[in-house]
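Okay, so the sequence shown: first residue is 386 according to the numbering used here, each after it adds one.
Think of the CB as a built atom: it goes at the ideal place given N, C-alpha and C, for glycine as much as any other residue.
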Amino acid sequence: MLVTYLRETVSRIFVIVLFASVFALPSDIAAANPKQFDITKLTKEIKAPDFVLTDLKGQQFRLSDRKGKNPVLIIFSATWCTFCLQEIPHFKSLHATYAKQGLEVVNVDIQESKEKVAKFAAKYELPYRTLLDLDGTVSGIYEVRGVPTLVLVDKNGLIVCRQCRNVETVLKAIMKK
């Protein structure tokens, strides 16, 4: 009798967990059906926090200086991050494709020395600006929990997407605006 009760209980728990996991799966409208993609579904009027960081050449980058001019793709990364390294070809491709259309791509390296980051940027021939978030303040403001983290800011200074699964679909949409 106890064995039967345990079997039934375990079976019920399994069914509940299975059922719950199906509904917990994230959905991505743009990836599932690009024809139904609507940029307004991603824009929630979240203003991108302004920041000022120094790049590897010692020049300052202020996000608010781009407002009204160019969209900005911010890549938060670190030299030790293997996923960041694997994504470099993709980031270079995005830069090559969209920089001509006005997109500014910036890499924000988190809490690493200028020397280490400069060697990394030179070794992998990063074509976009690399900014130094030496104390992690900017990554903290943007609530970066892991790297790489992508944040796409439109020309109005609004965050259009964060960790988009298909950032290229979103880029195509905002570059048309």
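DSSP state of GLU430, grouped into three classes? coil
Within 10 angstroms of the Cβ of PHE351, are there 16 or more other Cβ atoms? Answer buried if so, exposed if not. Residue 351 falls outside the range modelled here, since the chain spans only 386 to 562, and no answer is possible.
CB contact flag (PHE436, VAL523, <7 Å): yes
Answer yes or no: do ASN492 and ILE460 have a C-beta to C-beta separation smaller than 7 Å? yes
For ASP450, does the three-state DSSP call read helix, strand or coil? helix
Does DSSP put GLU528 in a helix, in a strand, or in coil? coil
How far does the beta strand (DSSP E) with THR439 in it extend, from its first residue to its last? 437-440
Euclidean distance between Cα positions of PRO512 and LEU479: 11 Å
Ignore the nearest five residues each way along the sequence and tell me which others in LEU516's own chain have a CB closer than 6 Å to its CB. LEU438, ASP440, PHE446, VAL491 and VAL493
Assuming contact is defined by CB atoms lying nearer than 7 Å, are ARG547 and VAL555 in contact in what I supplied? no
Tell me, which residues are paired with VAL538 by DSSP? VAL457 and ILE544
Quick one: using the 10 Å Cβ neighbour count with 16 as the cut-off for buried, is ARG550 buried or exposed? exposed
Counting only the same chain and skipping the five closest in sequence on each side, list residues whose C-beta sits under 7 Å from that of ARG451. VAL457 and GLU489
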